[in-house]
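Just below is one structure, and these are the notes that go with it.
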Amino acid sequence: GPSKELSLGESSFELAPKKSQDYLDLVWETADRTSRWTAVRGKLEIRPPAAQSSRGLELVNELPLDAYIMGVVPSEVPASFPSECLKAMAVVARTFCLAHLDRHHADGYDVCAEVHCQVYRGLAQESIPTNLAVYSTLGEVLSYQGHPVDATFHACCGGYGVDVESIWPKGK
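Under the numbering used here, think of the first position of the sequence shown as 113, with each following residue one higher.
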(Lines of atoms letter the chains of each structure in order from A and count residues from 1; the text may use other names and numbers.)
(Lines give C-alpha, C1' and ligand atoms only; values in the text may rest on other atoms or scores of the structure.)
Protein backbone atom coordinates (compact mmCIF):
# COMPACT_ATOMS: atom_id res chain seq x y z
CA GLY A 1 0.00 0.00 0.00
CA PRO A 2 0.96 3.67 0.01
CA SER A 3 3.66 4.67 2.46
CA LYS A 4 2.63 6.75 5.45
CA GLU A 5 4.73 9.22 7.38
CA LEU A 6 4.69 9.24 11.14
CA SER A 7 5.66 12.27 13.18
CA LEU A 8 6.49 11.51 16.80
CA GLY A 9 7.36 14.92 18.12
CA GLU A 10 8.38 14.59 21.78
CA SER A 11 6.23 11.53 22.49
CA SER A 12 6.69 7.83 21.98
CA PHE A 13 4.33 4.94 21.48
CA GLU A 14 4.27 1.19 22.01
CA LEU A 15 3.41 -1.66 19.70
CA ALA A 16 2.24 -4.97 21.12
CA PRO A 17 1.63 -8.26 19.30
CA LYS A 18 -1.83 -9.37 18.23
CA LYS A 19 -3.53 -11.70 20.67
CA SER A 20 -3.15 -14.57 18.18
CA GLN A 21 0.66 -14.41 18.21
CA ASP A 22 3.34 -13.76 20.80
CA TYR A 23 5.69 -11.68 18.65
CA LEU A 24 5.90 -8.61 16.44
CA ASP A 25 7.10 -8.75 12.83
CA LEU A 26 9.40 -5.91 11.79
CA VAL A 27 10.08 -5.17 8.13
CA TRP A 28 12.18 -2.24 6.95
CA GLU A 29 14.02 -1.06 3.90
CA THR A 30 17.77 -0.45 4.00
CA ALA A 31 19.60 2.40 2.26
CA ASP A 32 20.20 0.15 -0.77
CA ARG A 33 16.43 -0.56 -0.92
CA THR A 34 16.76 -4.14 0.32
CA SER A 35 13.90 -5.33 2.49
CA ARG A 36 14.87 -6.80 5.86
CA TRP A 37 12.77 -8.79 8.33
CA THR A 38 13.04 -9.70 11.97
CA ALA A 39 10.62 -10.46 14.77
CA VAL A 40 10.70 -9.73 18.49
CA ARG A 41 8.78 -10.96 21.49
CA GLY A 42 7.16 -8.60 23.99
CA LYS A 43 6.41 -4.94 23.43
CA LEU A 44 8.24 -2.50 21.21
CA GLU A 45 8.50 1.15 22.16
CA ILE A 46 9.37 3.60 19.40
CA ARG A 47 10.96 6.84 20.59
CA PRO A 48 12.29 9.94 18.91
CA PRO A 49 16.08 10.14 19.02
CA ALA A 50 17.75 11.90 21.95
CA ALA A 51 18.61 15.52 21.17
CA GLN A 52 22.36 14.77 21.08
CA SER A 53 21.92 11.61 18.96
CA SER A 54 22.67 11.47 15.26
CA ARG A 55 20.67 8.24 14.95
CA GLY A 56 17.09 7.88 13.82
CA LEU A 57 14.23 6.52 15.87
CA GLU A 58 15.09 4.45 18.93
CA LEU A 59 13.43 1.05 19.31
CA VAL A 60 13.19 -0.38 22.83
CA ASN A 61 12.04 -3.99 23.14
CA GLU A 62 10.45 -4.77 26.54
CA LEU A 63 10.22 -8.51 27.18
CA PRO A 64 10.60 -11.16 29.88
CA LEU A 65 14.17 -12.14 30.77
CA ASP A 66 14.07 -15.64 29.31
CA ALA A 67 12.44 -14.43 26.08
CA TYR A 68 15.43 -12.10 25.79
CA ILE A 69 17.86 -14.95 26.52
CA MET A 70 16.22 -17.03 23.74
CA GLY A 71 17.28 -14.27 21.32
CA VAL A 72 20.77 -13.93 22.82
CA VAL A 73 22.04 -17.53 22.94
CA PRO A 74 21.82 -18.24 19.17
CA SER A 75 23.18 -14.76 18.46
CA GLU A 76 26.31 -15.51 20.53
CA VAL A 77 26.96 -19.20 19.75
CA PRO A 78 25.96 -21.47 16.85
CA ALA A 79 22.82 -23.54 17.49
CA SER A 80 24.78 -26.56 16.23
CA PHE A 81 26.97 -26.57 19.37
CA PRO A 82 26.44 -29.48 21.80
CA SER A 83 23.38 -29.11 24.04
CA GLU A 84 25.45 -28.85 27.25
CA CYS A 85 27.38 -25.94 25.72
CA LEU A 86 24.10 -24.23 24.80
CA LYS A 87 22.81 -24.73 28.35
CA ALA A 88 26.01 -23.25 29.79
CA MET A 89 25.67 -20.27 27.43
CA ALA A 90 22.05 -19.76 28.52
CA VAL A 91 23.11 -19.62 32.18
CA VAL A 92 26.02 -17.29 31.39
CA ALA A 93 23.87 -14.99 29.23
CA ARG A 94 21.13 -14.82 31.89
CA THR A 95 23.70 -14.12 34.61
CA PHE A 96 25.50 -11.48 32.55
CA CYS A 97 22.22 -9.69 31.84
CA LEU A 98 21.18 -9.62 35.49
CA ALA A 99 24.63 -8.37 36.55
CA HIS A 100 24.47 -5.50 34.00
CA LEU A 101 20.83 -4.36 34.17
CA ASP A 102 21.74 -0.72 34.88
CA ARG A 103 24.32 -0.48 32.11
CA HIS A 104 22.10 1.78 29.96
CA HIS A 105 20.00 3.37 32.69
CA ALA A 106 20.84 6.86 31.42
CA ASP A 107 19.56 5.85 27.97
CA GLY A 108 16.21 4.69 29.36
CA TYR A 109 16.64 0.94 28.93
CA ASP A 110 18.49 -1.92 30.61
CA VAL A 111 20.86 -3.44 28.03
CA CYS A 112 21.63 -2.85 24.37
CA ALA A 113 21.33 -5.46 21.62
CA GLU A 114 24.94 -5.24 20.47
CA VAL A 115 28.35 -6.61 21.49
CA HIS A 116 28.64 -3.87 24.14
CA CYS A 117 26.16 -5.86 26.25
CA GLN A 118 25.15 -9.08 24.48
CA VAL A 119 24.12 -9.61 20.89
CA TYR A 120 20.33 -9.96 20.73
CA ARG A 121 18.68 -10.63 17.38
CA GLY A 122 15.25 -11.62 18.66
CA LEU A 123 12.89 -14.30 17.43
CA ALA A 124 14.34 -14.30 13.94
CA GLN A 125 17.57 -15.79 15.33
CA GLU A 126 15.96 -18.33 17.70
CA SER A 127 16.26 -22.07 17.11
CA ILE A 128 14.86 -25.20 18.70
CA PRO A 129 18.18 -26.35 20.26
CA THR A 130 18.93 -22.96 21.82
CA ASN A 131 15.35 -22.47 23.08
CA LEU A 132 15.50 -25.95 24.67
CA ALA A 133 18.73 -24.88 26.41
CA VAL A 134 17.01 -21.79 27.80
CA TYR A 135 13.94 -23.77 28.94
CA SER A 136 16.03 -26.45 30.62
CA THR A 137 17.98 -23.86 32.63
CA LEU A 138 15.08 -21.56 33.61
CA GLY A 139 15.96 -19.56 36.70
CA GLU A 140 19.58 -20.75 36.82
CA VAL A 141 22.20 -18.06 37.38
CA LEU A 142 25.78 -17.97 38.61
CA SER A 143 25.95 -16.08 41.88
CA TYR A 144 28.34 -15.17 44.65
CA GLN A 145 27.08 -14.06 48.05
CA GLY A 146 23.55 -13.81 46.68
CA HIS A 147 24.36 -11.58 43.70
CA PRO A 148 24.80 -12.48 40.02
CA VAL A 149 28.48 -12.63 39.07
CA ASP A 150 29.94 -10.60 36.23
CA ALA A 151 29.79 -13.55 33.81
CA THR A 152 31.83 -11.81 31.12
CA PHE A 153 32.47 -13.90 28.02
CA HIS A 154 33.69 -13.38 24.49
CA ALA A 155 32.56 -14.91 21.23
CA CYS A 156 35.91 -15.01 19.45
CA CYS A 157 39.51 -14.64 20.59
CA GLY A 158 41.26 -15.61 17.35
CA GLY A 159 42.88 -18.51 19.20
CA TYR A 160 44.63 -16.31 21.76
CA GLY A 161 43.68 -15.17 25.24
CA VAL A 162 45.32 -13.57 28.25
CA ASP A 163 45.30 -14.23 31.98
CA VAL A 164 42.36 -12.69 33.80
CA GLU A 165 44.72 -10.59 35.95
CA SER A 166 45.89 -8.78 32.78
CA ILE A 167 42.37 -7.45 32.27
CA TRP A 168 41.00 -7.26 35.84
CA PRO A 169 43.85 -6.89 38.35
CA LYS A 170 43.21 -8.47 41.75
CA GLY A 171 41.60 -6.22 44.32
CA LYS A 172 39.87 -3.98 41.78
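Where is the CB? At the ideal position from N, CA and C, for every residue including glycine.
The structure presented is a predicted model; accordingly, all values stated were derived computationally and were not measured.
Just curious, the alpha helix (DSSP H) that K246 is in, first and last residue?
Residue 246 is actually Val in this sequence, not Lys. That run of the alpha helix (DSSP H) goes 240-247.
Taking just the CA atoms, how far does R206 sit from V189?
14 angstroms
Inter-residue spacing [alpha-carbon to alpha-carbon] between Q230 and E170
18 angstroms
R206 in three-state terms, based on DSSP:
helix
Using 10 angstroms around the beta-carbon of S123, count the other beta-carbons present and answer buried if the total reaches 16, otherwise exposed.
Confidence at S123 is low in this model, with a pLDDT of 49, below 50, so the placement of that residue is unreliable and no value is reported for it.
For S239, which residues of its own chain have a beta-carbon under 6 angstroms away from its beta-carbon, when the five flanking residues on both sides are left out?
P186, A191
Residue span of the alpha helix (DSSP H) that contains Y180, given as start and end
177-188
Cβ pair count under 8 angstroms reaching 3, the stretch 251-265 against the stretch 209-216:
yes
Could you check the C-alpha separation between N173 and L138 for me, to the nearest Å?
12 angstroms
If you draw a straight line from the alpha carbon of A202 to that of D219, how long is it in whole angstroms?
26 angstroms
Taking only three categories from DSSP, how would you classify V139?
strand
Minimum C-alpha distance to L156 - residue among S147, E141, D144, D134
D134
Report the rounded CA-to-CA distance for G154 versus G234, giving the unit in angstroms.
10 angstroms
Is the beta carbon of S195 closer than 8 angstroms to that of A288?
The requested residue 288 does not occur in the structure, where the chain is confined to residues 113 to 284.
Close beta carbons around L254, own chain, < 6 angstroms, minus the five adjacent residues each side:
T207, V261, A263
Keeping to the same chain, check which residues put their C-beta closer than 8 angstroms to that of S147; ignore five residues upstream and five downstream.
V139, W140, E141
With DSSP collapsed to three states, give me the class of A151.
strand
Provide the residue span of the beta strand (DSSP E) that contains P174, from first to last.
At residue 174 the sequence reads Glu, which differs from the Pro that was named. Element bounds for E174: 170-174.
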